[in-house]
Amino acid sequence: MDAAIFEDLNDAQRDAVQAVRGPVCILAGAGTGKTTTITRRIAQQVATDAFDPEEILAVTFTEKAAREMGSRLSALDVHGLRARTFHAAALAQYRRFTGEAPEILAAKGQILHAIAQKLPPPYKFMPLRDLATEIEWAKNRRITPDRYLSAVDGRDPPVPPDLMHRVFVEYERRKSRMGRIDFEDLLERTLTLLADDEHALGMVRSRYRSFTVDEYQDVNLLQQSLLEAWVGERPDICVVGDDYQSIFGFTGATPRYLLSFPDRYAGCRVVRLEHNYRSTPEVLGVANRLAPVLRGSAKTLIATRPRGANPTLREFATGSEEVSWITSEIRRLHDVENVAYERIAVLHRINGRSEDFEEALSKVRIPFQVKDGSFMRRPAARTAIARLRHEPDGDVMGTVARLVSSAGHDPEGGDFSGEEATRQADLGRLLRLAEEFGGTSLAAFVQDLRSRFAEEDEGRGVVLLTYHRSKGLEFDAVFLPRLEDKELPFALAKGDDELAEERRLLYVGITRARRFLYMSWAAFRAGERRTRPRPSPFIQEVMPAREPGPAATRTARFSPVAPAPDDPLFETLRAWRLRVSQEGGVPAYVVFDNKTLAMIANAKPITRAALLAIPGVGPAKLDRYAEDVLQIVKSI
């Protein structure tokens with residue numbers, strides 16, 4: 050069994066595996082084989098008789114990770130060991146020592162739905178997930194409702210603090226009346242039980258003599274407090290994590306427990322895993338450029354794979370050009386580089402940014418899947434479509450505008466956090482789509498929506514997901530669009546800690562890529578609050594402008610800044626479009642949409658060939674409108 054334990058380990062992994070006793074802190078960089086390392090270490094603990102399998106508790110954050118750990122240990126002929134989540138371990142202990150089988154809420158939304166309905170407009174439309182996350186943030190910090198208002202000082206909850214306090218109090222009241230507990234209650238009750246019952250605490254500590262905690266950078270105060278109760282003053286604890294990938298601060302998670310571990314445990318052995326088995330040297334070159342400003346424990350990823358393609362950094366004049374190029378590059382990766390669509394990912398900061406790619410991929414019949422729900426399955430679109438079925442035909446734009454207004458849409462495009470940011474983006478998208486569609490048939494509009502976003506196939510195709518959902522995953526090719534200020538870092542990231550977490554999100558995105566990495570931003574986004582976004586300040590940190598270096602290819606298309614809405618040429622083109630659309634009896638967007646007009650105003654084409662090169666101008670439109678457009682450009 051010893052040979053299998055040490056097979057194919059590098060020196061650092063071997064050091065960690067051999068450290069079977071005492072406090073051990075494994076700082077594991079992205080793609081460095083941390084799961085292999087900790088399962089082999091546990092197997093070595095058993096093989097050397099340091100501990101019996103039943104004396105070891107391995108704690109993970111997900112059931113999937115617990116099953117994976119158990120499966121790997123079984124392959125190493127280690128049986129009888131407990132690999133559990135914090136909640137599963139706590140539930141087993143609570144049941145054993147109280148004899149109770151508490152009924153646990155599957156989701157807080159079961160209670161929050163009725164509470165949210167009683168909030169004043171526009172907060173009554175707040176996504177339940179945002180309210181639930183705020184309650185979890187408080188409870189994971191062991192903040193009770195009576196302490197919430199003082200603890201939330203300086204924080205921006207999803208609704209005003211006084212309203213959030215009312216929601217929190219009412220949630221607890223209704224939960225108690227129903228005889229239910231939530232997952233945070235389970236940990237808190239188990240912790241209280243162990244603090245009050247010395248016999249129970251003694252039995253737990255006599256049962257478990259060695260602890261291994263995976264993803265330790267994501268623990269919160271409540272989990273850390275329970276872990277401390279289990280371990281006590283004993284030294285046999287091993288933690289593994291990467292502070293560079295700590296991205297769940299909104300739930301109460303913090304990397305400080307990982308970073309302070311060597312200081313809290315005398316004689317702690319620190320092992321750094323830096324040999325990366327996932328990405329090419331070129332991809333790691335970009336990640337390592339960002340590492341020095343991530344703070345925390347220094348780690349430089351070392352490539353073990355052969356060289357590959359240079360990562361690409363692109364600036365586009367418009368968002369539509371960015372989406373068009375990414376779509377065509379996805380097709381090329383599939384057709385030329387033989388990359389399966391399922392091995393290609395497009396990452397975004399919030400769910401609402403998937404819509405452009407859903408529409409573009411659907412249009413060219415490239416299959417895709419959306420983690421956390423596609424545009425048509427998210428609440429804003431789903432509710433609007435359901436209500437449109439009961440509306441009489443009439444002005445599509447006017448009807449949709451009324452519906453999204455009644456749903457709490459903020460036309461000023463204020464900054465929102467969490468799922469509300471996605472919901473607001475979706476409502477705004479519905480409004481823009483209705484404006485483009487025009488007409489009087491609501492059924493036709495709904496059918497147009499379905500045709501635009503119809504190609505999602507769960508489990509198949511290009512993966513569209515957020516940075517947060519990408520954690521722990523890897524893809525052959527990764528696209529990181531919209532690398533713009535107020536997008537990443539997000540607009541609501543105010544303090545140093547929040548900005549640091551936004552930077553870690555980018556690091557996580559970069560290190561998901563195995564072979565191909567694409568980063569991009571646009572200088573103009575028609576129809577959005579920030580029509581002329583600035584590049585993300587993080588861009589200079591990963592690829593300094595002065596020396597792009599061998600790890601990056603910097604390219605630009607339509608590099609001049611796109612026109613402001615009051616640009617004379619842009620306004621003249623809009624007036625011409627309105628006249629042509631009225632004469633032809635068609636919606637204005639059928640002639641040219643705003644994005645195409647913006648690109649024409651930006652590029653100022655004076656030949657038919659130059660006009661045809663602009664996205665959105667095809668051969669048919671060239672024949673129909675080239676003479677007028679070129680004459681307008683020359684006259685301004």
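Numbering (the working numbering), first residue to last: 50 to 685. Idealized CB from N, CA, C, for every residue including glycine. Quantities reported herein were computed from a predicted structural model and do not represent experimental measurements.
From residue i to residue j, what does the alpha carbon distance come to, in whole angstroms?
| i | j | result |
| --- | --- | --- |
| L122 | A99 | 16 Å |
| Y257 | A107 | 10 Å |
| E689 | R363 | For residue 689 there is no data in the structure shown, the boundaries of the chain being 50 and 685. |
| F297 | G345 | 16 Å |
| D292 | D267 | 9 Å |
| N59 | C287 | 19 Å |
| L276 | R226 | 30 Å |
| S454 | E620 | 28 Å |
| T147 | T239 | 10 Å |
| G477 | F528 | 24 Å |
| V678 | A637 | 15 Å |
| N337 | L350 | 7 Å |
| V591 | E551 | 14 Å |
| R561 | S519 | 7 Å |
| I91 | L479 | 53 Å |
| T85 | R116 | 14 Å |
| L161 | D405 | 31 Å |
Which word fits residue i, buried or exposed, when buried means at least 16 other C-beta atoms lie within 10 angstroms of its C-beta?
| i | result |
| --- | --- |
| H439 | exposed |
| N387 | exposed |
| I685 | exposed |
| L627 | exposed |
| K348 | buried |
| H128 | exposed |
| P617 | exposed |
| P614 | Residue placement at P614 is poorly supported in this model, since its pLDDT is 47, which falls under 50; the coordinates are not used for a value here. |
| S255 | exposed |
| S411 | buried |
| V253 | buried |
In chain order, what residues of the same chain have a beta carbon less than 6 Å from the beta carbon of residue i, not counting five sequence neighbours either side?
| i | result |
| --- | --- |
| R354 | T329 |
| I75 | A65, V289, V320 |
| I399 | A470, T471 |
| P582 | E533 |
| M694 | Here the chain comprises residues numbered 50 to 685, so residue 694 is not present and cannot be evaluated. |
| M425 | F502 |
| D263 | T109, V289 |
| I87 | T261, V289 |
| T97 | V69 |
Quick check on residue i: does DSSP put it in helix, strand or coil?
| i | result |
| --- | --- |
| M175 | coil |
| E56 | coil |
| F17 | The chain is shown only over 50 to 685; residue 17 falls outside these bounds and no answer can be derived. |
| R657 | helix |
| I87 | helix |
| P668 | helix |
| G290 | strand |
| E264 | coil |
| E523 | coil |
| K543 | coil |
| F528 | strand |
| E469 | helix |
| L275 | helix |
| V635 | coil |
| V280 | helix |
| E691 | This structure gives no information on residue 691, because the portion of the chain shown stretches from 50 to 685. |
| T645 | helix |
| T97 | coil |
| L514 | strand |
| R687 | In the structure as shown, the chain begins at 50 and stops at 685. Residue 687 is therefore absent and cannot be evaluated. |
Can you list, in chain order, the residues of its chain whose CB lies under 8 Å from that of residue i, leaving out five sequence neighbours each side?
| i | result |
| --- | --- |
| I663 | T645, M648, I649, A652, P654 |
| R191 | E237, L270, L271, S274 |
| R89 | I54, F55, L58, Q62, V66, L125 |
| T300 | T182, E185, W186, N189, N269 |
| T515 | L396, H397, R398, I399, N400, K420, D421 |
Less than 7 Å between C-beta atoms, sequence neighbours within five positions excluded: which residues of the same chain meet that for residue i?
| i | result |
| --- | --- |
| Y314 | P72, P284 |
| E331 | R356, G357, A358, N359, P360, A600 |
| Y390 | H383, I415, P416, G510, V511 |
| L522 | R561 |
| Y265 | V288, V289, G290, Y306, L307 |
What alpha helix (DSSP H) runs, 4 residues minimum, are completely inside the region 308–386?
-> 330–339, 368–384
Where in the region 389–436 do unbroken runs of the beta strand (DSSP E), each at least 3 residues long, occur, reported from the N-terminal end onward?
-> 393–397, 417–419
Segments assigned beta strand (DSSP E), at least 3 residues, entirely inside the region 114–192 | Given a length threshold of 3 residues, each whole run of the beta strand (DSSP E) inside the region 114–192 is given here in chain order: 131–134.
What runs of the beta strand (DSSP E), each 3 residues or longer, lie entirely inside the region 546–575?
-> Listed in chain order, the complete beta strand (DSSP E) runs (minimum 3 residues) inside the region 546–575 are 562–571.
At which residue ranges does the region 439–464 contain complete beta strand (DSSP E) runs of 3 or more residues, listed in the order of the chain?
-> none
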